[in-house]
Amino acid sequence: MAALSDFSRVNEIVLVRSPASEDRTLSAEGSLSSRSSKTTLAGGGATPETILLLSWGDAAARHIEKYTSMYTKLYPGAKIILVRGGVADFLYRWDRAQRKLVEPAVKILSESADESTLLVHVMSNAGSKTWSTINKLYRESTGRPLSNAVTIMDSAPGRWRFGQTWTALSRSLPRAFLPRMALSFVFGMILSVIQLKDFLTPGLDILDAVREQMNDATAAGKGARRCYIYSDADDIIGTGDVEEHAKEAQQKGWAVELVKFQGSTHVGHYKQNPERYLESIQKTWFGRWNN
Numbered sequence: 001m002a003a004l005s006d007f008s009r010v011n012e013i014v015l016v017r018s019p020a021s022e023d024r025t026l027s028a029e030g031s032l033s034s035r036s037s038k039t040t041l042a043g044g045g046a047t048p049e050t051i052l053l054l055s056w057g058d059a060a061a062r063h064i065e066k067y068t069s070m071y072t073k074l075y076p077g078a079k080i081i082l083v084r085g086g087v088a089d090f091l092y093r094w095d096r097a098q099r100k101l102v103e104p105a106v107k108i109l110s111e112s113a114d115e116s117t118l119l120v121h122v123m124s125n126a127g128s129k130t131w132s133t134i135n136k137l138y139r140e141s142t143g144r145p146l147s148n149a150v151t152i153m154d155s156a157p158g159r160w161r162f163g164q165t166w167t168a169l170s171r172s173l174p175r176a177f178l179p180r181m182a183l184s185f186v187f188g189m190i191l192s193v194i195q196l197k198d199f200l201t202p203g204l205d206i207l208d209a210v211r212e213q214m215n216d217a218t219a220a221g222k223g224a225r226r227c228y229i230y231s232d233a234d235d236i237i238g239t240g241d242v243e244e245h246a247k248e249a250q251q252k253g254w255a256v257e258l259v260k261f262q263g264s265t266h267v268g269h270y271k272q273n274p275e276r277y278l279e280s281i282q283k284t285w286f287g288r289w290n291n
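Take the sequence shown: its position 257, counted from the start at 1, is 257 in the UniProt record's numbering, and no numbers get skipped.
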């Protein structure tokens with residue numbers, strides 16, 4: 001069976017999976033009408049009705065499926081909106097094009113979810129960049145920020161550093177020697193231009209702008225909470241960058257939990273210790289970090 005075969009593809013980056021029990025109609029524009037009952041756990045706590053999963057850069061479908069399967073088992077009554085981020089969003093895709101691509105996801109969120117029933121899962125810098133684009137449109141559509149939803153930050157957010165960015169990009173390159181060398185040269189040139197532009201032009205770079213938007217002090221609602229899952233062995237996202245962002249979020253009103261893994265690779269924390277990873281998600285959703 002093909003990876004993500006139980007998802008309906010809306011466009012090249014947005015896919016949607018609805019619960020099997022849900023009577024639904026999905027259009028090419030992302031409009032979704034549904035009738036489903038609210039799922040509850042023993043103890044009376046409501047589970048998420050919608051999960052927004054923002055994948056890491058150019059992740060293979062078979063790798064993303066580990067997380068969609070995780071959520072299907074953990075919260076079977078939830079709708080899953082998957083948005084796949086990539087290198088293009090950083091290097092050559094214009095902001096207008098990015099906004100158009102995520103519009104279907106925003107439309108579904110606006111029509112069928114609110115922050116009290118929504119769980120957002122952000123993965124790496126690509127997921128953070130996608131979050132930023134969706135948040136802008138969501139706020140324009142609803143008047144509310146996406147940052148008030150319960151949010152899992154997996155290996156994010158980092159900063160724009162040439163070495164770490166190159167490491168991330170290199171993992172999306174083809175294995176064949178000639179295409180890999182050609183694209184390495186192209187990506188290297190583009191990164192150098194971006195680096196030079198950031199040096200000569202005042203203002204925030206791409207990732208600093210995303211980090212600032214995530215911690216917009218006017219957006220922190222009462223009870224809004226986040227969990228940062230990260231590692232001391234991540235070669236793309238520095239522990240200090242994650243901890244700094246988490247500390248700032250806490251100072252600005254978010255309830256924050258830091259879950260630091262030892263030795264796990266970039267976005268590899270679930271693979272290393274699935275029990276701890278799942279526990280972190282569940283405790284964040286219910287706000288039971290001290291239990």
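All C-beta atoms, glycine included, are put in the ideal place defined by N, C-alpha and C. Bear in mind that the values here come from a model prediction, so they are computed numbers and not experimental data.
Figure out for me which residue from the options has the closest Cα to the Cα of residue i.
i: residue 208; options: 178, 228, 241, 230; result: 241
i: residue 62; options: 76, 99, 4; result: 4
i: residue 272; options: 230, 111, 94; result: 230
i: residue 19; options: 65, 72, 56, 57; result: 72
i: residue 232; options: 104, 50, 91, 156; result: 156
i: residue 17; options: 105, 274, 250; result: 105
i: residue 114; options: 281, 50, 79, 98; result: 50
i: residue 214; options: 184, 205, 248, 11; result: 248
i: residue 228; options: 87, 110, 75, 285; result: 285
i: residue 287; options: 260, 103, 255, 82; result: 255
i: residue 110; options: 257, 142, 274, 77; result: 142
Return yes when the C-beta of residue i is under 6 Å from any heavy atom of the ligand FMN, and no when it is not.
i: residue 48; result: In the structure shown, the ligand FMN is absent, as is every other ligand, since no ligand is present at all.
Tell me the rounded alpha-carbon separation between residue i and residue j.
i: residue 253; j: residue 217; result: 7 Å
i: residue 52; j: residue 9; result: 15 Å
i: residue 177; j: residue 151; result: 39 Å
i: residue 239; j: residue 269; result: 14 Å
i: residue 292; j: residue 96; result: Given a span of 1 to 291 for the chain in the structure shown, any question on residue 292 remains unanswerable.
i: residue 283; j: residue 289; result: 6 Å
i: residue 85; j: residue 133; result: 11 Å
i: residue 211; j: residue 245; result: 7 Å
i: residue 262; j: residue 154; result: 14 Å
i: residue 46; j: residue 186; result: 49 Å
i: residue 181; j: residue 127; result: 26 Å
i: residue 276; j: residue 48; result: 19 Å
i: residue 120; j: residue 205; result: 24 Å
i: residue 99; j: residue 264; result: 33 Å
i: residue 251; j: residue 75; result: 31 Å
When DSSP labels each residue in this structure, what does residue i get in the three-state scheme?
i: residue 4; result: coil
i: residue 218; result: helix
i: residue 145; result: coil
i: residue 10; result: coil
i: residue 75; result: coil
i: residue 228; result: strand
i: residue 18; result: coil
i: residue 150; result: strand
i: residue 80; result: strand
i: residue 266; result: coil
i: residue 51; result: strand
i: residue 260; result: strand
i: residue 26; result: Bear in mind that a pLDDT of 44 at residue 26, under 50, signals an unreliable position, so the model cannot answer this.
i: residue 255; result: strand
i: residue 120; result: strand
i: residue 46; result: strand
i: residue 69; result: helix
i: residue 288; result: coil
i: residue 233; result: coil
i: residue 155; result: coil
i: residue 138; result: helix
i: residue 174; result: coil
i: residue 89; result: helix
i: residue 41; result: Here residue 41 scores only 39 on pLDDT, less than 50, and its place in the model is too uncertain to base an answer on.
Under a Cβ-count criterion, where at least 16 other Cβ atoms within 10 Å of its own Cβ denotes burial, should residue i be classed as buried or exposed?
i: residue 138; result: buried
i: residue 131; result: buried
i: residue 107; result: buried
i: residue 234; result: buried
i: residue 69; result: exposed
i: residue 267; result: buried
i: residue 116; result: exposed
i: residue 66; result: exposed
i: residue 140; result: exposed
i: residue 279; result: exposed
i: residue 145; result: buried
i: residue 226; result: buried
i: residue 94; result: exposed
i: residue 59; result: buried
i: residue 159; result: buried
i: residue 57; result: buried
Which whole-angstrom value describes the C-beta separation of residue i and residue j, a residue pair presumed to lie in contact below a C-beta threshold of 8 Å?
i: residue 302; j: residue 89; result: Since the first residue of the chain shown is 1 and the last is 291, residue 302 is not available in this structure.
i: residue 13; j: residue 101; result: 5 Å
i: residue 224; j: residue 125; result: Contact flag wrong, Cβ pair sits at about 22 Å.
i: residue 55; j: residue 79; result: Between residue 79 and residue 55 the Cβ distance is about 17 Å, and since that is not below 8 Å, they are no contact.
i: residue 15; j: residue 82; result: 5 Å
Taking Cβ positions only, does residue i come closer than 7 Å to chain D?
i: residue 124; result: You won't find chain D in this structure, because it holds only one protein chain.
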